[in-house]
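Residue numbers (the working numbering): 3 to 577. What follows is a set of notes on a single structure, which appears directly below.
Structure below.
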């Protein structure tokens with residue numbers, strides 16, 4: 003979801019922020035508040051909002067009373083006197099936190115932190131003295147210690163208001179976080195070189211993956227993506243890449259494709275002329291053949307491997323491991339002369355419907371790797387909703403739309419996420435006619451043939467023989483592929499039908515090409531009956547999982563690819 007933006011005089015920002023808090027979406031509410039803080043203060047000063055609403059905002063976010071011109075009179079008019087005293091208490095706590103942070107800046111840490119914790123643990127007693135029993139667990143904390151250092155913390159379950167306050171009070175403790183984050187010997191983006199290994203990555207504004215590994219005198223390419231620009235497939239100029247980086251062409255003999263997404267295999271037509279062997283899993287091979295008719299893989303060069311296979315390419319020892327991104331996706335471990343290189347590919351620790359779940363602990367196998375080449379798609383999304391909340395929001399908004407007789411259109415990539423969306427609807431209480439259209443149809447058929455697949459045969463409604471108008475008006479929910487060129491034109495037709503529909507239509511915007519196409523089309527309309535909701539069920543590792551992966555593997559050298567990097571490392575070390 004994205005932050006809400008409001009006009010300067012709109013009181014809606016207060017109610018929108020409170021709504022997010024009441025849903026339990028604290029990080030998103032905090033993000034929205036910070037982006038609109040000046041507007042909120044102006045609204046409070048203008049006395050346009052009810053006192054009870056004002057105090058909720060002040061309590062949730064600990065707004066400094068000195069920022070408000072005439073807050074005292076508003077507080078005195080509160081119907082709920084408990085909140086008046088609670089706000090006073092929160093201000094006292096905020097002032098104490100300021101002192102703590104000053105001490106932390108001066109490296110007076112351990113004693114002050116413990117003192118702070120003791121003070122926080124006394125707060126329930128203070129609240130009881132104020133006759134606030136319903137708020138007595140407001141700051142009840144469970145703190146676990148390990149060798150006299152804070153290991154982690156969590157709040158006792160309570161109502162949303164109290165929980166968020168408890169969370170905000172822990173900011174001082176959270177400064178310890180940077181001390182437990184593992185710091186590799188070197189941190190770089192895309193390229194790396196030392197006496198033993200050189201890693202050269204293709205770089206472009208689009209997230210297109212191709213990485214060349216040189217280990218002593220051995221060369222290996224991993225992935226060779228492409229992207230769509232203005233309805234045209236833009237592939238990597240392999241010849242330029244080789245010549246610019248002074249790579250001996252005859253030394254390149256093999257390529258590994260990590261998974262069947264266009265940004266990782268889209269330039270296969272060109273690069274297969276340079277190599278003798280193309281390694282991938284069976285699922286990756288089959289899915290590419292299903293969705294990418296323009297790519298003609300030279301079958302004589304294809305070497306099919308399983309997702310746990312170990313094999314050799316020249317003098318390199320290769321091991322595949324599943325990454326829970328899409329069906330058939332793998333990471334790659336390369337070993338040579340006691341040097342270990344781990345390439346994560348696109349990966350996820352989320353529990354998805356169509357992939358083999360991997361436990362985070364599996365990555366301990368690669369502990370102390372010499373080199374970790376890691377995707378960072380979500381490396382700057384340190385304020386983001388957890389996957390489980392996005393799933394709940396998806397079904398909530400779909401159900402809400404259907405109950406209010408609104409059609410729902412979901413543009414989606416054809417592989418993996420389209421099936422995920424369908425399964426969420428299928429496993430919910432939503433009662434509606436659902437259709438999947440575009441390239442996802444054949445992918446679904448392939449998934450159905452695979453053993454132990456979670457999507458049962460004949461479960462999906464394809465309606466292949468009907469025209470697009472019939473499909474649109476006969477179904478309540480339309481999941482349409484929008485990631486490939488032929489799919490984009492199909493998605494555009496559905497968007498046109500929605501834009502000209504007399505009834506309200508909900509479009510769940512996803513982070514696909516369809517989203518950009520939709521936004522361009524919407525700009526041509528002054529007033530339309532469209533609900534636009536941006537919810538993305540990403541199959542990429544989120545910000546916290548990226549940090550966990552580094553902490554688990556503890557690589558000597560970290561090479562960040564497929565994204566801008568990781569915000570924490572950029573902020574701390576100016577990578």
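Heads up, the beta-carbon is just placed ideally off N, CA and C, and yes, glycines get one too.
- Message: Let's test the definition: count the other Cβ atoms within 10 Å of the Cβ of residue 500 and tell me whether it reaches 16, buried, or not, exposed.
- Response: So residue 500 counts as buried.
- Are at least three pairs of beta-carbons, each pair with one atom in the stretch 246-266 and one in the stretch 289-297, less than 8 Å apart? Touching, yes, given that three or more Cβ pairs across the two stretches are closer than 8 Å.
- Have a look at residue 365 and residue 334 and give me their C-alpha separation to the nearest angstrom. The alpha-carbon atoms of residue 365 and residue 334 are separated by roughly 12 Å.
- Out of 471, 416 and 423, which has the shortest C-alpha to C-alpha gap to residue 448? The shortest Cα separation from residue 448 among 471, 416 and 423 belongs to 416.
- Same chain, Cβ closer than 7 Å to residue 555, five either side skipped, listed in chain order: The residues are 344, 365, 368, 369, 371 and 374.
- Those residues which DSSP pairs with residue 213 across a bridge: Beta-bridge partners assigned by DSSP to residue 213: 203 and 224.
- Query: Taking the continuous beta strand (DSSP E) assigned at residue 536, which residues delimit it?
  - Reply: Following the DSSP letters along the chain, one finds residue 536 inside the beta strand (DSSP E) bounded by residues 532-536.
- Query: With distances taken from CA atoms, which of 314, 302 and 358 is nearest residue 328?
  - Reply: For residue 328, the closest C-alpha among the options 314, 302 and 358 is that of 358.
- Message: Assuming residue 539 is part of the alpha helix (DSSP H), what are its boundary residues?
- Response: Residue 539: not part of any alpha helix (DSSP H); DSSP gives it neither H nor E.
- Among 302, 430 and 413, which one has its Cα closest to the Cα of residue 438? Comparing Cα-Cα distances from residue 438 to each of 302, 430 and 413, the minimum goes to 413.
- Task: Would you be able to state if there are at least three C-beta pairs under 8 Å between the stretch 187-198 and the stretch 548-566?
- Result: Between the stretch 548-566 and the stretch 187-198, the count of Cβ pairs shorter than 8 Å is three or higher; the stretches touch.
- Message: Suppose only complete runs of 3+ residues qualify. What are the beta strand (DSSP E) ranges in the stretch 230-261, listed by chain order?
- Response: You should have 234-237 and 254-258.
- Which listed residue (419, 268 and 242) has its alpha carbon closest to that of residue 231: Answer by Cα proximity: 268.
- Message: Any heavy atom of the ligand GTP closer than 7 Å to the beta-carbon of residue 563?
- Response: For the structure depicted, the ligand GTP is absent and the ligand set is empty, with no information on it obtainable.
- Query: residue 304 to residue 483, Cα distance in whole Å?
  - Reply: The C-alpha of residue 483 is placed about 28 Å away from the C-alpha of residue 304.
- Going straight from the alpha carbon of residue 59 to that of residue 387, what length do you get? Rounded to the nearest angstrom, the two C-alpha atoms are 21 Å apart.
- Message: Can you look up residue 312 in the DSSP assignment and give me helix, strand or coil?
- Response: Of the three classes helix, strand and coil, the one that applies to residue 312 here is strand, per DSSP.
- Query: Would DSSP call residue 1 helix, strand or coil?
  - Reply: With the chain running from 3 to 577 in the structure shown, residue 1 is simply not present.
- Message: Can you give me the C-alpha to C-alpha distance between residue 254 and residue 321, rounded to a whole angstrom?
- Response: Approximately 19 Å between the Cα atoms of the pair.
- Item | Limits of the alpha helix (DSSP H) - the one that residue 319 falls within | It is not in any alpha helix (DSSP H) - residue 319 instead sits in the beta strand (DSSP E) that spans 318-324.
- residue 350 and residue 542 closer than 8 Å at C-beta: Yes, the pair counts as a contact, with Cβ atoms nearer than the cut-off.
- Query: If you draw a straight line from the C-alpha of residue 208 to the C-alpha of residue 234, how long is it?
  - Reply: When rounded, the distance between both Cα atoms is 14 Å.
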